[in-house]
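Residues 1 to 176, numbered by our numbering, are exactly what the sequence shown covers, in order. Here a beta-carbon is modelled for each residue, glycine too, at the ideal position from N, C-alpha and C. Only a predicted model underlies this, so the values are computations on that prediction, with no experimental measurement involved.
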Amino acid sequence: MPTYSLDADVLVALAADTVEGIVHNGADVNAPILAGYDIFGCFKLLSHHGTWLQVKGKSAPPDKQIHVSKDAAEDRSDVWIFYKFRTGDNEYALCNYSTHRFVTADLWQWVTCNRAFPYAWEHFQVHHQGEHVALLCRASPLGPRWLTVEPNGNVRSNQRMADAWEKWTLVPFKHE
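What follows is the structure, given as C-alpha cells:
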C-alpha cells in the first residue's frame, strides 16, 4: 500500500482523483449537496494498528457506532467522503459512503456516524503528521479532542494530545 508525505498540495492531488462517479444519497457528489461545503475527496482511514475505520455492519445499532476492523468492508462502510467547509479554516465533515451519515463526537466522547447533516460537532480539522494525519474535533463537548482508537477497537474523541494512536493513514479510494 502506498504511503504519502502529506502536505496540503499532496493531499489535494490525492483527493482530486477520488470523487468521480461517487454518489451520495443518489446524487452525484459533484453536485452541490451541502450548502457551505465542497466535496474534497474519498478515502479509507487506516489506523496505526493496521485496522480500518468503519461503521459497524448492517446489523449496527441505531447510533451507527464506529469501530476499527482488520478486514476491509465489502459494503464500503470503511470508505469516507471528506467534505471541506468553505470557511477555509481546514475543517472537514466525514460522511460514510455506505450509510450516508456524518461522523460526530458526542457528550461522552463516543464517535458515531448518525448525523444527516454536519453541524459543529461534525467538524474535524485535518492535521498533517508526516505520512499520517490526525483528526481534531475542535467543537467536542469537552473541548478540542483528537480522534483515537482504543485497545478494544472502539473509536473515541477523548485525547488532548495526538500521539501514535491518534494518527491515521489516508488511503485514496476510487469508485469503480
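Legend entry - Identified DSSP bridge partners for K44: Here the question's residue 44 lines up with position 44 in the sequence shown. Looking at the DSSP output, K44 sits in a beta bridge with V79, V171.
Inset, instruction - Classify E91 as helix, strand or coil using the three-state DSSP reduction. - result: By 1-based counting over the sequence shown, the position of residue 91 is 91. In this structure, E91 counts as strand in the three-state DSSP scheme.
Inset, instruction - State the Cα-Cα distance for the pair Y178 and K84, rounded to the nearest angstrom. - result: This structure gives no information on residue 178, because the portion of the chain shown stretches from 1 to 176.
Legend entry - Residues near R156 in its chain [Cβ-Cβ closer than 7 Å; skip 5 each side]: Position 156 of the sequence shown holds residue 156. Hits under 7 Å: Q109, W110, V111, T148, E150.
Legend entry - Distance, V126 Cα to A164 Cα: If you number the sequence shown from 1, residue 164 lands on position 164. If you number the sequence shown from 1, residue 126 lands on position 126. Their Cα atoms are separated by approximately 15 Å.
Inset, instruction - Name the residue from S47, G41, C42, F40 whose alpha carbon lies nearest to the alpha carbon of W168. - result: Stepping through the sequence shown from its first residue, residue 168 is reached at position 168. Cα-wise, what sits closest to W168 is S47.
Inset, instruction - Look up W108 in the DSSP assignment and say whether it is helix, strand or coil. - result: Walking along the sequence shown from the start, residue 108 turns up at place 108. Per DSSP, reduced to three states, the secondary structure at W108 is coil, with no helix or strand assignment.
Legend entry - Closer than 7 Å: D38 CB and nearest the ligand ADP heavy atom: This structure lacks the ligand ADP; in fact it carries no ligand of any kind.
Inset, instruction - Could you check the C-alpha separation between F173 and L107 for me, to the nearest Å? - result: As a first step, residue 173 is located in the sequence shown; it is residue number 173 there, counting from the start. As a first step, residue 107 is located in the sequence shown; it is residue number 107 there, counting from the start. Distance between the alpha carbons of F173 and L107: 31 Å.
Inset, instruction - State the Cα-Cα distance for the pair A60 and S77, rounded to the nearest angstrom. - result: Residue 60 sits at position 60 when you count from the first residue of the sequence shown. Residue 77 sits at position 77 when you count from the first residue of the sequence shown. Note on A60: pLDDT 49, under 50, position unreliable in the model; the coordinate value appears next. Spanning the two alpha carbons is a distance of roughly 11 Å.
Inset, instruction - Could you check which residue in V171, I81, A72, I39 has the C-alpha nearest to that of E131? - result: Counted from its first residue, the sequence shown places residue 131 at position 131. From the listed residues V171, I81, A72, I39, the smallest Cα separation to E131 is found for V171.
Inset, instruction - Name the two residues that bound the continuous beta strand (DSSP E) containing Q129. - result: Counted from its first residue, the sequence shown places residue 129 at position 129. Run containing Q129: 124-129, per the beta strand (DSSP E) assignment.
Legend entry - Among R86, F82, S140, nearest to T177 - alpha-carbon criterion: Here the chain covers residues 1 to 176 and nothing more, so residue 177 does not appear.
Inset, instruction - Helix, strand or coil for N114, going by three-state DSSP, please let me know. - result: For the purposes of this step, residue 114 is taken as residue 114 along the sequence shown, with counting starting at 1. Judged by DSSP in its simplified three-state form, N114 adopts strand.
Legend entry - A162 (DSSP reduced to helix, strand or coil): For this step, residue 162 is matched to residue 162 along the sequence shown. DSSP places A162 in coil when its eight states are reduced to three.
Legend entry - Coil, strand or helix - A134 by DSSP: Taking the sequence shown and counting its residues from 1, the one referred to as residue 134 is at position 134. Correct three-state label for A134: strand.
Inset, instruction - Quick one: measure Cβ to Cβ for I66 and C42, integer angstroms, because I've assumed they're closer than 8 Å. - result: Position 66 of the sequence shown, counted from the start, is the residue given in the question as residue 66. Position 42 of the sequence shown, counted from the start, is the residue given in the question as residue 42. Approximately 17 Å separates the beta-carbon atoms of I66 and C42; this is outside 8 Å, ruling out the contact.
Inset, instruction - Would you mind working out which of A72, R86, V55, A73 sits nearest P118, comparing C-alpha positions? - result: The residue you call residue 118 lines up with position 118 of the sequence shown. It is R86.
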